[in-house]
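**Q** Following this message is one structure expressed as structure tokens.
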Amino acid sequence: MRILLLPNLLYNRNKGEISLKASLLQEQSLRLAMTQELRQAITMLQYNVQELSEFLYEQSLENPLIELGGFEREKKKSSNTSKSTRKQVENQMEIYSVDSTTIQQHLLNQLQYYKIDEEERKAASFIIMNMDGNGYLQETNEELSELLSAPIDVVDCSVELVQSLEPAGVGARNIQECLSIQLKRLQRRNGLAEEIIDDHFNYFVKKDWRKLVQVLKCTNEELQDAVNCITSLQPKPGLAFSSDKPLYIVPDMAVKKDGDHLVLQMNERNMPRIEIHSEYSALLNNSESEVASYVSEKYQHVQWIMRSLKQRKQTLLQVMNIIMEKQHDFFWGGPEYLKPLALKEVAEELGVHESTISRATRNKYVQTPYGLFEMKSFFSNSISTTEDEAVSTKRVKQFIQTLVGAENKKKPLSDQKISKLLEEEHEIVISRRTVAKYREQMHIPASSLRKTIG
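All residue numbers for the sequence shown refer to the UniProt record's numbering, where the first residue is 1 and numbers rise by one.
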């Protein structure tokens, strides 16, 4: 497989052109205090294309030397990639920048990629359509079972499926469950934060930090880290999709098939160009020292923003390039071929800290041949098979769900039998206890409770 980068986006992985790796992270991490520019550079890496556009606009209001040009258009450079392919990729990007999306539409779009039976699909669709504007579900599983005239185990599985969709936290019944779901979906989980939300939520709401330190037996610093983790979550995951303020999902990058090649393109069409205002820059040579000093300071700030933008672009391209290599089967076969991939694996290949990869993939979307995907969706945990191949826990859960869905309800499969079938049919070796753990996480009852009489 060859991965093609459009000519204006070419970069050299081997020459280590991401200076963020060397100068921005390793050297600066040795300092006791981070500079304002470093903090802003790291923040810029976290921004998606929409947030970055807003940031640049704010900077232009504060710095008179910044002049925002029009949005990037197709650059007239020679290319081995056909113009039609480039145009198709760019058009796909624009689709998501002009179409408003409701939370229901966003979730239903994800649901179509799951291989589930018709009864579960009907239940999941009903659950999605009955969420409120914040992404919350008002009905209990028992009430949903009555409304749908569906077995409670089907409803349990459907709710679990909906709660596994993006954005994390949808399908929760209250803010506590919403935050709990999000915490358990973090790539780097925070056990203390999970314990606070799951077991001591009242103390957290009351901001009774002294009591939390006492019951958790932790230090003030550990508690602060946990609280910071919690407050970074979104208590209303569906709010950005509300009808009175539609969400415009603009992908940061797009991957397109072109024959036996994959084309990767950065989305610069939805972001303004940053330029230096010529009239103000002429004042650098002003004889008045105060004027020259002010202009010089603002000029250096513009230069820093430009460097940071270049670093952000290079970082995202390198990260996505590795994702394309590691998730080769996904880009050619579809979501069912998604493989386990850890942040650490990508970080080690680039020679950067995991936090850099986490920031680079935060809240960013990629347009693929199979729809719009959040970058973090390419990362998941794994277990081993009999052939020492890695399989994501998500796929294992899907296998378990499929086995249970197809079982004889008069003679439901035991956890031990499911473990045996996973090994026989998929060469996946996991213990009975692990099967039970995954089953409980999906809210699938034990075999004794799944048995029907008749």
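Beta carbons are placed, not taken as given, at the ideal position from N, Cα and C, and that holds for glycine.
Given the structure is predicted, the values throughout are model-derived calculations rather than measurements.
What is the DSSP secondary structure of V255, counted as helix, strand or coil?
**A** Note: V255 maps to strand in three-state DSSP.
**Q** Checking 8 angstroms against the spacing of the C-beta atoms, do L341 and Q318 come in under that value?
**A** No; because the gap between Cβ atoms is not below 8 angstroms, this pair is not in contact.
**Q** Look at the alpha carbon of K313 and the alpha carbon of T102, and state the distance between them as a whole number of angstroms.
**A** Cα-Cα distance, rounded: 29 angstroms.
**Q** Given this structure, state the Cα-to-Cα distance separating D156 from S60, to the nearest angstrom.
**A** Near 51 angstroms, if we compare the C-alpha coordinates of S60 and D156.
**Q** If you draw a straight line from the C-alpha of V250 to the C-alpha of M266, how long is it?
**A** Approximately 11 angstroms between the Cα atoms of the pair.
**Q** On the criterion of 16 or more Cβ atoms from any shown chain inside 10 Å, does M129 qualify as buried, or is it exposed?
**A** That one is exposed.
**Q** Considering only residues of the stretch 186-227, which uninterrupted alpha helix (DSSP H) runs meet the minimum length of 4 residues and lie entirely inside it, listed in chain order?
**A** DSSP runs (the alpha helix (DSSP H)) wholly in the stretch 186-227: 191-199, 201-206, 209-216.
**Q** When you compare the CB positions of S296 and Q187, do they come within less than 8 angstroms of one another, or not?
**A** Not in contact: S296 and Q187 (Cβ atoms no closer than 8 angstroms).
**Q** Mapping the DSSP letters down to three states, classify T43 as helix, strand or coil.
**A** Three-state result, T43: helix.
**Q** Short of 7 angstroms in beta carbon distance, which residues of its chain neighbour N190, apart from the five on each side in sequence? Order them along the chain.
**A** Here the set comprises L183, A226, C229.
**Q** Comparing C-alpha positions only, which one of E177, Q416, D153 sits nearest to M442?
**A** When each option's Cα is compared against that of M442, the closest is D153.
**Q** With 16 other CB atoms within 10 Å as the buried threshold, where does I95 fall?
**A** Confidence at I95 is low in this model, with a pLDDT of 39, below 50, so its placement is unreliable and no value can be given for it.
**Q** For G333, which of helix, strand or coil comes out of DSSP?
**A** G333 falls in the helix class under three-state DSSP.
**Q** Extract the residue ranges of the alpha helix (DSSP H) inside the stretch 144-181, only unbroken runs of 4 or more that lie entirely within it.
**A** Correct list: 152-163.
**Q** Where does the unbroken alpha helix (DSSP H) through Q50 begin, and where does it stop?
**A** Here the alpha helix (DSSP H) through Q50 covers 49-62.
**Q** Beta-carbon within less than 6 angstroms of A436's beta-carbon, same chain only, minus the 5 sequence neighbours each way: which residues are those?
**A** Around A436: D415.
**Q** Helix, strand or coil: which one does DSSP assign to A446?
**A** Three-state DSSP puts A446 in coil, outside helix and strand.
**Q** Within 8 angstroms, do at least three Cβ pairs link the stretch 298-307 to the stretch 260-279?
**A** These segments touch.
**Q** Is the Cβ-Cβ distance between L413 and S447 less than 8 angstroms?
**A** Yes, the Cβ-Cβ distance between L413 and S447 is below 8 angstroms.
**Q** If we ignore side chains and look at the alpha-carbon of each, how far apart do P167 and P237 end up?
**A** Computed Cα separation, rounded: 6 angstroms.
**Q** With 8 angstroms set as the bound, which would you pick, yes or no: does the beta-carbon of D132 sit closer than that to a beta-carbon of chain B?
**A** Absent from the structure is chain B; it holds one protein chain and no more.
**Q** What does the alpha-carbon distance come out to for the pair Q138 and R269?
**A** Approximately 40 angstroms between the Cα atoms of the pair.
**Q** Kindly indicate which three-state DSSP category E268 falls into: helix, strand or coil?
**A** E268: coil per DSSP, three-state reduction.
**Q** Note down the Cα distance separating I42 from S419, rounded to an integer number of angstroms.
**A** Distance between the alpha carbons of I42 and S419 is about 45 angstroms.
**Q** Based on Cα-Cα distance, which residue from K256, G405, A172 lies nearest to E120?
**A** The candidate whose alpha carbon is nearest that of E120 is G405.
**Q** Could you round the C-beta distance between residue 460 and L343 to whole angstroms and report it? I think they count as a contact, below 8 angstroms.
**A** Within the shown structure, residues of the chain are numbered from 1 to 454, placing residue 460 beyond reach of any answer.
**Q** Would you mind reading off the limits of the alpha helix (DSSP H) that contains Q367?
**A** Here Q367 belongs to no alpha helix (DSSP H); instead the beta strand (DSSP E) covers 365-368.
**Q** Quick one: Cα of E387 to Cα of H353, how far?
**A** Confidence at E387 is low in this model, with a pLDDT of 46, below 50, so the placement of that residue should be treated as unreliable; the coordinate-derived value is given next. Distance between the alpha carbons of E387 and H353 is about 31 angstroms.
**Q** Apply the 10 Å Cβ neighbour rule to T140 and answer buried if 16 or more other Cβ atoms are within range, or exposed otherwise.
**A** By the 10 Å Cβ count, T140 comes out exposed.
**Q** Does L65 come out as helix, strand or coil in the three-state DSSP assignment?
**A** It is coil, neither helix nor strand.
**Q** Contact check, V213 vs L223 under 8 angstroms by CB: the rounded distance?
**A** So it is a contact: roughly 6 angstroms between Cβ atoms.
**Q** What span of residues does the beta strand (DSSP E) with L372 cover, start to end?
**A** Start and end: 371-374.
**Q** Thinking C-alpha only, which one of L148, E336, C178, L52 is nearest F201?
**A** Comparing Cα positions, the closest option is C178.
**Q** Starting from E407, trace the alpha helix (DSSP H) both ways and give me its first and last residue.
**A** Taken as a continuous stretch (DSSP letters only), E407 belongs to no alpha helix (DSSP H), as it is neither H nor E.
**Q** Answer with buried or exposed for Q367, where buried requires no fewer than 16 other C-beta atoms within 10 angstroms of its C-beta.
**A** Flag for Q367 reads buried.
**Q** Any idea what DSSP makes of I274, helix, strand or coil?
**A** Three-state DSSP puts I274 in a strand.
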